[in-house]
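In the numbering used here, the protein residues as written are 403 to 715. In this text, a Cβ means the ideal position worked out from N, Cα and C, and glycines have one as well. What follows is one structure encoded as structure tokens, with my remarks underneath.
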Amino acid sequence: MVANKETPYKGFAGNGFVALVLLLVSFVASVLLILNYAEGTAFPICGSLLLLLTCICCGGLTRLEPNEAKVMVFFGKYRGTFKKEGFSWVNPLMSKKGVNYRARNLNPEPIKVNDKVGNPVMIGMVLVWQLEDSYRAMFEIDSQALARSSASKKEELALPDISGAFEKFVRIQSDAALRQVAGCYAYDNPSSGNELTLRSNADEINDSLVKLLNDRLSMAGMKVLEARINYLAYAPEIAAIMLRRQQADAIIAAREKIVEGAVSMVKMALDRLKTEEVVELDEERKAAMVGNLLVVLCGDEPASPVINSGSLY
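If you want it as structure tokens, here you go:
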């Protein structure tokens, strides 16, 4: 497990409402000083400086909701992650980059991959992920470049969407992980009951997917809470052929069950006839009876019996 590099912000953080009132008072005072111009006085200069200082200090106002935080950077140096909820005032010279710790869903489109035996399959998944380490998320990956590349041309002048950058990183890594996991297992393998398959062992496959995703995303300070396959089918080019194979396997399995039941019923009938001494049958009559019963029990159509009124010989 990668160590968490996130540290709490230890700088000054005052009440935002008190700071807002003081800034309003400072703004009014600076305007009055500028308007009360008198020749040879320093009031306009003091008012201008006070107004400039007020504008700079306004940049320290910040608001945070639950599960939100600000990554504090002071002239390129990481100073911690500010997580105090509500309205606050911090050093206005700090660069504040917002991050979100809320859990988010990702449901990408199904992709085509080859399973373990080379059959093309369509597979999709849904995962729940969240940010865990704001330091790694902001500085271990190029989140700014990802944010710019994920924005449309109309949004080129807007600020980069950091949350969208994180989601794009998760989407790319989840696609690679899903391809790797799908290639390690066969879609279905009726001939081997012990081998894990995509179709029959969903829980084991999902656990493997979660582990692989967490290994890939830990470097970016993210973790996967849950991942599960929500779509699985053969690719269209082989779907019809595989459907016929599955139907044939089902028919064979059903026939085996019918024959097994018919044989047990015939054996039971012969044993009852012998035990209760209903009738004495020689081997030839037993063979004829067995053949007739198997035809009746294993046939698809209802039997139409023919009564023999004469001798069997």
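Enumerated in chain order, which unbroken segments of the beta strand (DSSP E) with a length of 3 residues or greater are wholly contained in the stretch 501-531? 506-508, 513-516
Classify GLN575 as helix, strand or coil using the three-state DSSP reduction. Position 173 of the sequence shown holds residue 575. Note: GLN575 maps to helix in three-state DSSP.
DSSP-derived helix/strand/coil call for SER450: For the purposes of this step, residue 450 is taken as residue 48 along the sequence shown, with counting starting at 1. Three-state DSSP puts SER450 in a helix.
Could you check which residue in ASN591, LEU672, LEU699 has the C-alpha nearest to that of GLY520? Numbered from 1 along the sequence shown, position 118 holds the residue referred to as residue 520. Selected option, being the one with the closest Cα: ASN591.
Counting C-beta neighbours from all protein chains within 10 Å, is the total for LEU607 16 or more, i.e. buried, or is it exposed? For the purposes of this step, residue 607 is identified with residue 205 of the sequence shown, where counting begins at 1. Note that residue 607 corresponds to Ile in the displayed sequence, not to Leu. With 16 or more other Cβ atoms within 10 Å, it is buried.
Below 8 Å, how does it come out for the stretch 407-414 and the stretch 482-492: are there three or more Cβ pairs, yes or no? yes
Name the DSSP bridge partner or partners of GLU482? For the purposes of this step, residue 482 is identified with residue 80 of the sequence shown, where counting begins at 1. In the sequence under discussion, the amino acid at residue 482 is Gly, which differs from the Glu named in the question. Looking at the DSSP assignment, GLY482 forms a beta bridge with MET474.
By how many angstroms is the C-alpha of PHE476 removed from the C-alpha of LYS485? Your numbering for residue 485 matches position 83 in the sequence shown. Your numbering for residue 476 matches position 74 in the sequence shown. If you take the alpha carbons of LYS485 and PHE476, they lie about 17 Å apart.
Going by DSSP in three states, ILE543 sits in which element: helix, strand or coil? Position 141 of the sequence shown, counted from the start, is the residue given in the question as residue 543. Coil.
Among residues of its own chain, excluding the 5 on either side of ALA579, which ones have a beta-carbon nearer than 7 Å to its beta-carbon? For the purposes of this step, residue 579 is identified with residue 177 of the sequence shown, where counting begins at 1. Answer for ALA579: LEU611, LEU614, LEU615, ARG618, listed in chain order.
Just to confirm, is the Cβ distance from ALA584 to VAL515 under 7 Å? For the purposes of this step, residue 584 is taken as residue 182 along the sequence shown, with counting starting at 1. For the purposes of this step, residue 515 is taken as residue 113 along the sequence shown, with counting starting at 1. Result yes, Cβ atoms of ALA584 and VAL515 sit closer than 7 Å.
Mind checking MET670: buried by the 16 CB within 10 Å criterion, or exposed? On the sequence shown, residue 670 is found 268 positions in, with the first residue counted as 1. Exposed: under 16 other Cβ atoms inside 10 Å.
Rounded to whole angstroms, what's the CA-CA distance from THR409 to THR483? Just pull it up for me. Translated into the one-based positions of the sequence shown, residue 409 becomes position 7. Translated into the one-based positions of the sequence shown, residue 483 becomes position 81. Spanning the two alpha carbons is a distance of roughly 6 Å.
C-beta atoms of SER428 and THR456 nearer than 7 Å: Translated into positions along the sequence shown, residue 428 becomes position 26. Translated into positions along the sequence shown, residue 456 becomes position 54. Yes; because the gap between Cβ atoms is below 7 Å, this pair is in contact.
Beta-carbon proximity of LEU600 to TYR589, cut-off 7 Å: Here residue 600 is taken as the residue at index 198 of the sequence shown, counted from 1. Here residue 589 is taken as the residue at index 187 of the sequence shown, counted from 1. Going by C-beta atoms, LEU600 is nearer than 7 Å to TYR589.
In this structure, does DSSP put LYS407 in helix, strand or coil? Looking up residue 407 in the sequence shown gives position 5. In the structure shown, LYS407 sits in coil (DSSP, three-state: anything other than H, G, I, E or B).
Helix, strand or coil at SER610 [DSSP, three-state]: If you number the sequence shown from 1, residue 610 lands on position 208. SER610 falls in the helix class under three-state DSSP.
Can you tell me whether PHE373 is buried or exposed? The criterion is at least 16 other CB atoms within 10 Å of its CB, across all chains shown. The structure shown does not extend to residue 373, since the chain spans only 403 to 715, so no value can be given for it.
On the DSSP letters alone, give me the boundaries of the alpha helix (DSSP H) that THR677 sits inside. As a first step, residue 677 must be located in the sequence shown, where it is residue number 275. Residues 638-677.
Whole-Å CB distance - ARG538 paired with MET621, under 8 Å assumed: The residue labelled residue 538 in the question sits at position 136 within the sequence shown. The residue labelled residue 621 in the question sits at position 219 within the sequence shown. So it is a contact: roughly 7 Å between Cβ atoms.
If you follow the alpha helix (DSSP H) that SER432 is in, where does it begin and where does it stop? Position 30 of the sequence shown, counted from the first residue, corresponds to residue 432. 418-437 is the span of the alpha helix (DSSP H), which, as asked, contains SER432.
Could you tell me which residues DSSP pairs with SER602 in its beta bridges? The residue labelled residue 602 in the question sits at position 200 within the sequence shown. Paired residues: none, contrary to the question.
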